[in-house]
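Heads up, the sequence shown is in the numbering used here, so the first residue is 17 and it goes up one at a time.
Data block below; observations after.
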Amino acid sequence: MAKSVRPQGFPRQLRLLGQGDFQRVFNDTRCKSVDQCLLMLATPNGRGYPRLGLAISKRNIKTAVGRNRVKRLVRESFRRHRQQLAGLDIVVLSRNATHDSSNPSLLHSLNRHWRRLVKRCANSSSS
17 MAKSVRPQGF
27 PRQLRLLGQG
37 DFQRVFNDTR
47 CKSVDQCLLM
57 LATPNGRGYP
67 RLGLAISKRN
77 IKTAVGRNRV
87 KRLVRESFRR
97 HRQQLAGLDI
107 VVLSRNATHD
117 SSNPSLLHSL
127 NRHWRRLVKR
137 CANSSSS
């Protein structure tokens, strides 16, 4: 019996949890989106819902507080856009400029990334 998903929650089924899940996205990337703050890789997952994995490195964001801030913003933005992202496994990686970005600029960047991924993955699946 499947548990119901709260509209604003982030349950386990919406997360990439194991090394195999991450490796599949890294090895079979169908679409990606890059800017100075973040790199997003995505691949279709054959499910009716998206899954998110975070790879926020200590090399790019030195403090735990900074890494947690970025992860919290990515998860919140993902929750708001998950209806449009259905059927994708997405891995978000931090880049060097991430630690200098303000919350509003990171959210703006995330919104652009979600739109790009939807557009690019739709184009790659139709070709």
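Every residue gets a Cβ at the ideal spot worked out from N, C-alpha and C, and that includes glycine.
Check: Secondary structure of VAL25, DSSP reduced to three states; Outcome: The displayed chain sequence assigns Gly, not Val, to residue 25. Of the three classes helix, strand and coil, the one that applies to GLY25 here is coil, per DSSP.
Check: Distance, ARG131 Cα to ASN139 Cα; Outcome: 12 Å
Check: MET17 (DSSP reduced to helix, strand or coil); Outcome: Because the pLDDT at MET17 is just 43, under 50, the model does not fix this residue reliably, and the point stays unresolved.
Check: Whole-angstrom distance between PHE94 and HIS124, CA atom to CA atom; Outcome: 12 Å
Check: Under 8 Å between C-beta atoms of GLY69 and VAL50; Outcome: no
Check: Spatial neighbours of CYS47 in its chain, beta-carbon cut-off 7 Å, leaving aside the 5 residues before and after; Outcome: ALA58, LEU133, ARG136, CYS137 and SER140
Check: Enclosing beta strand (DSSP E) for ALA58 [first to last residue]; Outcome: 54 to 60
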